Amino acid sequence: MTTYDPLPRNESEAEVAAVKFPGPPPCEAVPVGWTAQGMPVADPANRRSPWETGIFSCFGKNDEFYSSDVEVCLLGSIAPCVLHGTNSERLGGGVPGTFTSHCLPYTGLYMIGNLIFGWNCLAPWYSCSNRTAIRHQFNLEGSCETMGKSSGCCGNYEMHEEQREGCESACDLATHVFCHPCALCQEAREVRRRIPHPAMPFQPVVLMIPPPGQSMDNHI
Numbered sequence: 161m162t163t164y165d166p167l168p169r170n171e172s173e174a175e176v177a178a179v180k181f182p183g184p185p186p187c188e189a190v191p192v193g194w195t196a197q198g199m200p201v202a203d204p205a206n207r208r209s210p211w212e213t214g215i216f217s218c219f220g221k222n223d224e225f226y227s228s229d230v231e232v233c234l235l236g237s238i239a240p241c242v243l244h245g246t247n248s249e250r251l252g253g254g255v256p257g258t259f260t261s262h263c264l265p266y267t268g269l270y271m272i273g274n275l276i277f278g279w280n281c282l283a284p285w286y287s288c289s290n291r292t293a294i295r296h297q298f299n300l301e302g303s304c305e306t307m308g309k310s311s312g313c314c315g316n317y318e319m320h321e322e323q324r325e326g327c328e329s330a331c332d333l334a335t336h337v338f339c340h341p342c343a344l345c346q347e348a349r350e351v352r353r354r355i356p357h358p359a360m361p362f363q364p365v366v367l368m369i370p371p372p373g374q375s376m377d378n379h380i
């Protein structure tokens, strides 16, 4: 028969019971970062994943998205406003008007930059927010973290999450300013691999399998 010790009747007995039956150790604070859905998660550095393709992978990878990668390369070279609009449309979940509301401002900034300054120097400031949104939504590594790991100094990259995010946001802007077409294409390849086109929603195929011992043929 199991016996239980009586409850302590005063503070001295409670202290003795605490020494005799110590409780669990206090929980330590866990660093919080981004999840794949943009929500806080513990230990973010171990959960961030690299991009599907590199920023200079103009034709993507030799997989089932190869034809789409070629299309992305052409759009990024000829019509970056269209590519930015489609990226925003996929990120926005296919909300009506998303493509137009992002494509037209980009086109205006593109034309003003080329007419006044001779190159597309204004639109990257407008489109770089998509890169940050993609990093947050899919929990991807930023440019600073990627360069740190490639140079072998990832151990020195430990910093507060707010500082890290500020550094990565600045890198997102710099990537668009100095490598704008490549940044647009990399983002397009990423979202096309992860988000289906809003105009072509996925519909499951239902297979009708007859029970054992029966068939679909009519027996006379």
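Numbering (our numbering), first residue to last: 161 to 380. From the three backbone atoms N, C-alpha and C, an ideal C-beta is built for every residue, glycine too. On a predicted model such as this, the values are computed, not experimentally measured, just so you know.
The count of Cβ pairs closer than 8 Å, one atom from the segment 322-342 and one from the segment 280-294, reaches three, so the stretches are in contact.
Rounded to the nearest whole angstrom, the C-alpha separation of Trp-279 and Tyr-270 is 8 Å.
Secondary structure within the segment 247-310: the alpha helix (DSSP H) runs of 4 or more consecutive residues, fully enclosed, are 258-276, 283-298 and 303-310 (chain order). DSSP places Asp-332 inside the alpha helix (DSSP H), whose first and last residues are 321-338. Counting along the chain, Ser-227 sits inside the alpha helix (DSSP H) bounded by residues 226-238. Pro-240 is classed as buried because its beta carbon has at least 16 other beta carbons within 10 Å across all chains shown.
A Cβ-Cβ separation of about 5 Å places Leu-344 in contact with Leu-243 under the 8 Å criterion.
The alpha-carbon separation between Cys-304 and Gly-326 amounts to approximately 11 Å.
Cβ neighbours of Leu-300 within its own chain (closer than 8 Å, five residues either side excluded): Arg-208, Ser-209, Pro-210, Trp-211, Ile-294 and Glu-350. Thr-260 counts as exposed, since fewer than 16 other C-beta atoms from the protein chains shown sit within 10 angstroms of its C-beta. Per the C-alpha coordinates, the member of Phe-219, Glu-249, Phe-225 and Asp-223 positioned closest to Ser-237 is Phe-219.
If you ignore the 5 residues before and after Cys-281, its C-beta comes within less than 6 Å of the C-beta of Gly-273, all in its own chain and listed in chain order. Listed as beta-bridge partners of Ser-217 by DSSP are no residues whatsoever. Cα atoms of His-296 and Leu-275: separation of roughly 34 Å, rounded to the nearest angstrom.
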